[in-house]
Every structure is written in structure tokens, then in C-alpha cells.
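In the numbering used here, the protein residues as written are 228 to 597.
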Ligand SMILES: C[S@@+](CC[C@H](N)C(=O)[O-])C[C@H]1O[C@@H](n2cnc3c(N)ncnc32)[C@H](O)[C@@H]1O
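Quick look at the structure:
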């Protein structure tokens, strides 16, 4: 692994490298052992006439499993140390190097960025330290930089930015049947999803919205520094953005839906539909888990990583929610964040990504009788 240069302090960089290595070991060594143990315990249960059909059945199989206990402990505590270790955690270290951070954020001043001083951050957002990020991503001016640094170790064994590049590939594929001249990226965070879209579609006008001012400042500063001309950022709630109805050909998000309470997911899908022009396309990237083992792993991940809305999203009938929001031709496709990731023989831990692709009906196109 190339040495990290997040900070001036060699010790702080070394600590974050250790965090990444620990998480990679957890994903590529410990998780395959857990999976093997699951298969053994399931085979034993089958011999005893017990079927494993639900996440609760899987939980019973793992009762008194040391491997599972260690898997959970490591997942929770590596993440906690990454952010909150008092000596080298991201929050403490970025505060120590805040001068350098301020220099980087200064470029936001010259960017197309609209923050709303009266903006009301949603209550659900204030109620949880999502990802175990102290204070979540809204209050501390350095919170966008903390999230950016933290994101380096979210997807072990995946090349940096690869997931978002592959997401753009999905968008490109869909653009073969639709021109995307105006694109909205909801929950754009520090720009990791919106900027690659602006680069991939240089003729398009891309708007990134998020509730987090610190993330938006970082997104705007980086886009300005990289001279990406066709992007602007707005502080807005994805549930009701205040943007013009019917004004976008494409509305996207990556990793937004599972951070929203159930009703907010429905409102966000309704807003997506409202913002799209007739025939417009929506592509939201999030998680689906049909297999009881993965449901169990993901429900637990929601608890261990302070993501209380993850399990409700996984339990939601998303295709139905899309139809209720006015969409047609809803497709939920497994999404590979790297080559071979969705191959059933892949033994490593990963998020069970899915791209949810849907179209707003174009009433001017006669629907085909079946
Ligand atoms: C997991 S992050 C993903 C960020 C980015 N899309 C990426 O792929 O790196 C989820 C983002 O959704 C934002 N968010 C949460 N609730 C939101 C809402 N109601 N409206 C807009 N953004 C929201 C958060 O501030 C956060 O930046």
C-alpha cells in the first residue's frame, strides 16, 4: 500500500494506515472465516431439520460464536478509533492541522456554491452520529474533511474512487437511450459522486445538493481548484429541494437512501420524480440484500456503524415505493464496485450494492399495449 499523506504528522498517517490494514484484514481474512462457519452451522442445522430462512435464523446460528463476536467488535472499534482516538483519530488530527485545512477550503469562496444561513438540518440528521462520526457532518467546519479522510477505508480492497467511476459507467450506459443535459446529484457529500459526473458529461450542467455545509464547501473548493466548470453546489434537503419541477433529465444519488428514515425515502423519491422532466431517468445507488446471511450482516452493520435507517431500507419494498412515487420501468441491478465483486465465489466482505434505475413516464410517448 502506498504511504498515506493525509497529514503532516507521520504518526497520524501511520495510525490511519493501521486502521485501513485492520479493516482490510477484517474484510479479507476474518469475514471469509465467518462465512465458512456459517456454512458449517447451516449444514448442521439442516441435518437436524432446522431451515435457515431469515436473518433471525442466522442470528440463532451465530449464538455463542467467538468468530462472530470478534467480527462485530472489530468492525465497531476500528471505526470508532479511526474517528475518535484522542491521539491520532481523524477529528483530533484535523483540528491540530486546521490551518492547512482552512487553506484548502478557501477555494470554496470562488466556487459556485449557495449555502442557506437559515437552512434547517433535518431532526433525524441531528439525532445520530452516522458512521460514528462525532457530531455527524453538519456542525464542525472540518466535518467534510473528516468524512473525506474516513471514506478512504470504507471499501477495503477497492481502488480509490473506483466505485464512483463504475457508477458513472452505469450512468453512461443509460445515457445511450437518453440525453443528460441537466443532472442533479442528491446527497453529494464532498463531491465524490457529483464531480465524476460533471467530468463524464462535460456538456451537461450538474448540480450537487446536500444538507451538510462543511461537505458542500469541500466539494465546491475541490471542484474550483480542479477547474470543473459545469458544476454547482446548493445546500438543500433532498426531500424538498426547492428546485424547478421538471428541470432535470437525470437525478442520481450514491449512498443517500439508507441514511434517510423510511418516510424521508418516500419523500425523496417523490421529489426525484417531481424534478425530472417527462422521460427523465433516476439512478440511486444503495444496498439490497435478499439472502438471509447478508440481511443479518447488514442489519448488524447498521447497528455497529450507527446507521439506524439501514435495516428499514433493506426491509422496504423499493420497487413498490418507486411505483408509488410515479416511476415506471423500475430495475434493481446488482452493482460491482470492482471487477468480480458480485461473483458468488468472491469470498470477501463487501456492501451488497444495487443500482436502482427508473424512468418518469413520458406521457407524449404512446405506451405499448401488451
Ligand atoms: C454516505 S454520504 C454519501 C455522499 C456521496 N454521495 C458519496 O458517494 O460520497 C450521504 C450524504 O447524504 C447527505 N444527506 C443526508 N440526508 C440528506 C438529505 N435529506 N438531503 C440531502 N442530503 C442528505 C449527507 O450529508 C451525506 O453527505
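Beta carbons are placed, not taken as given, at the ideal position from N, Cα and C, and that holds for glycine.
Within 10 angstroms of the beta-carbon of residue 576 lie 16 or more other beta-carbons, which makes it buried. As for any alpha helix (DSSP H) of minimum length 4 sitting wholly inside the stretch 423–459, the runs are 440–452, ordered along the chain. Secondary structure in the stretch 541–583: the alpha helix (DSSP H) runs of 4 residues or longer, each lying completely within the stretch, are 545–551 in chain order. DSSP places residue 364 outside any alpha helix (DSSP H), giving it a letter other than H or E. As DSSP reads the structure, residue 585 sits in a beta bridge with 509. A straight-line Cα-Cα distance of about 31 Å links residue 295 and residue 511. Annotation for residue 477: the continuous beta strand (DSSP E) segment containing it runs 475–481. Burial state of residue 579 is buried, judged by a 10 Å Cβ sphere holding 16 or more other Cβ atoms. A contact is defined here as three or more CB-CB pairs under 8 Å, and the stretch 388–398 fails this definition with respect to the stretch 336–347. Distance from the C-beta of residue 486 to the nearest heavy atom of ligand 1 is below 7 Å. For residue 349, the shortest separation between its Cβ and any heavy atom of ligand 1 lies below 7 Å.
Secondary structure at residue 332: helix, using DSSP grouped into helix, strand and coil. A residue is called buried once 16 or more other Cβ atoms fall within 10 Å of its Cβ, and residue 362, having fewer, is exposed. For residue 514, the pairing in a beta bridge is given by DSSP as 580.
Taking 8 Å as the cut-off, the beta carbon of residue 448 is found closer than this to the beta carbon of residue 331.
With respect to residue 574, residue 259 sits close: the two C-beta atoms are nearer than 8 Å. Counting every other CB atom within 10 Å of its CB across the protein chains shown gives residue 491 a total of 16 or more, marking it as buried.
Relative to residue 309, the option among 367, 261 and 358 whose CA is nearest is 358.
The distance from the Cβ of residue 541 to that of residue 479 is about 20 Å, inconsistent with a contact at the 8 Å cut-off.
In this structure, the straight-line span from the alpha carbon of residue 378 to that of residue 360 is close to 11 Å. When secondary structure is reduced to three states using DSSP, residue 464 falls in the strand class. Here residue 315 is buried: its Cβ has 16 or more other Cβ atoms, across all protein chains shown, within 10 Å. In terms of side-chain proximity, the C-beta atom of residue 483 is found nearer than 7 Å to a non-hydrogen atom of ligand 1.
For the 8 Å CB-CB criterion, residue 380 and residue 237 do not form a contact. Residue state for residue 412 is assigned as strand, using DSSP reduced to three classes. Beyond the five residues adjoining it in sequence on each side, residue 353 comes within less than 8 Å, by CB distance, of 363 and 365 in the same chain, given in chain order. In the structure shown, residue 406 falls within a coil segment according to DSSP collapsed to helix, strand and coil.
For the pair residue 443 and residue 463, the Cα-to-Cα distance works out to about 10 Å. Under a 10 Å Cβ-count criterion, residue 501 is classified as buried, with 16 or more other Cβ atoms of the shown protein chains found around its own Cβ. Annotated three-state conformation of residue 341 is strand, per DSSP. Remark: the C-beta of residue 525 is outside contact range of ligand 1, defined as less than 7 Å to any heavy atom. Leaving aside the five residues that flank residue 467 on each side, the residues in its chain whose CB is nearer than 8 Å to its CB run, in chain order, 494 and 498. Per DSSP, the unbroken alpha helix (DSSP H) holding residue 520 starts and ends at 519–531.
Judged by the Cβ position, residue 464 qualifies as a neighbour of ligand 1 at the 7 Å threshold, a heavy atom of the ligand being closer than this. At least one heavy atom of ligand 1 sits closer than 7 Å to the Cβ of residue 438. For residue 416, the shortest separation between its Cβ and any heavy atom of ligand 1 lies below 7 Å.
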